[in-house]
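Only one structure is covered here, and it is reproduced in the block below.
In my numbering, the protein residues as written are -4 to 177.
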């Protein structure tokens, strides 16, 4: 009887280790860092329905994930933004600003500044430091957007053909060759 019980314990232990190993493999495949997902806006396992709101900075946003990770002897909440394309040679400025905006929202809503955020591309996960320069760029961009909302005329940039082709105002823009369907 003792031998049977010992065998059962061994089988359960092996099964538990196998499940743990499989979960670690799955986590690495998703690109999520080790930690607990505390917020998700991916539609898969939405844990929080409301967006993050900062009245102080006049910002609102819904990051793809907020992950609670261990860091410097305490638990930190860091944003992870998922992009469907492959990793570019350098992260796009818009991706960096979006991620930094979520870092600023975490800082205000949770009362702790994340040291970094994650950009997850189809083939890589980048750790992006949340620097003072990025934080300042977010605040500056937000101020420019607010100013543009009240301006009588906003000058648009048409220097990126791909963005022009995907623009929701393409048919009514009249900006010239880049606004024409290619």
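Backbone N, C-alpha and C define an ideal beta-carbon position, used for all residues, glycine too.
Kindly indicate the opening and closing residues of the alpha helix (DSSP H) around residue i.
i: residue 135; result: 127 to 145
Does DSSP put residue i in a helix, in a strand, or in coil?
i: residue 89; result: helix
i: residue 119; result: coil
i: residue 65; result: strand
i: residue 102; result: helix
i: residue 97; result: helix
i: residue 160; result: helix
Where does the unbroken beta strand (DSSP E) through residue i begin, and where does it stop?
i: residue 115; result: 111 to 115
i: residue 32; result: 31 to 35
i: residue 55; result: 54 to 56
i: residue 49; result: 47 to 49
Using the Cβ count rule (16 or more neighbours within 10 Å means buried), how would you classify residue i?
i: residue 46; result: exposed
i: residue -1; result: exposed
i: residue 30; result: buried
i: residue 34; result: buried
i: residue 58; result: buried
i: residue 62; result: buried
i: residue 127; result: exposed
i: residue 164; result: exposed
i: residue 28; result: buried
For residue i and residue j, which I take to be in contact (beta-carbon distance under 8 Å), what is that distance rounded to the nearest angstrom?
i: residue 80; j: residue 116; result: 6 Å
i: residue 100; j: residue 56; result: 6 Å
Step through the CB atoms of chain C and report whether any lies within less than 8 Å of the CB of residue i.
i: residue 106; result: As a matter of chain content, chain C is missing from the structure shown, which is built from one protein chain.
Query raised in the report: Do the segment 59 to 77 and the segment 109 to 118 make contact, defined as three or more Cβ pairs closer than 8 Å?
Result: A contact exists between the segment 59 to 77 and the segment 109 to 118.
Query raised in the report: Would you say the segment 149 to 166 touches the segment 113 to 132, given that touching needs at least three Cβ pairs under 8 Å?
Result: Judged by pairs of C-beta atoms under 8 Å, the segment 149 to 166 does not touch the segment 113 to 132, as fewer than three such pairs exist.
Requested in this report: Indicate whether the contact test is met: 3 or more Cβ pairs, each with one atom in the segment 96 to 106 and one in the segment 130 to 139, closer than 8 Å.
Outcome: When Cβ pairs closer than 8 Å are counted between the two stretches, the segment 96 to 106 is seen to touch the segment 130 to 139, the count reaching three or more.
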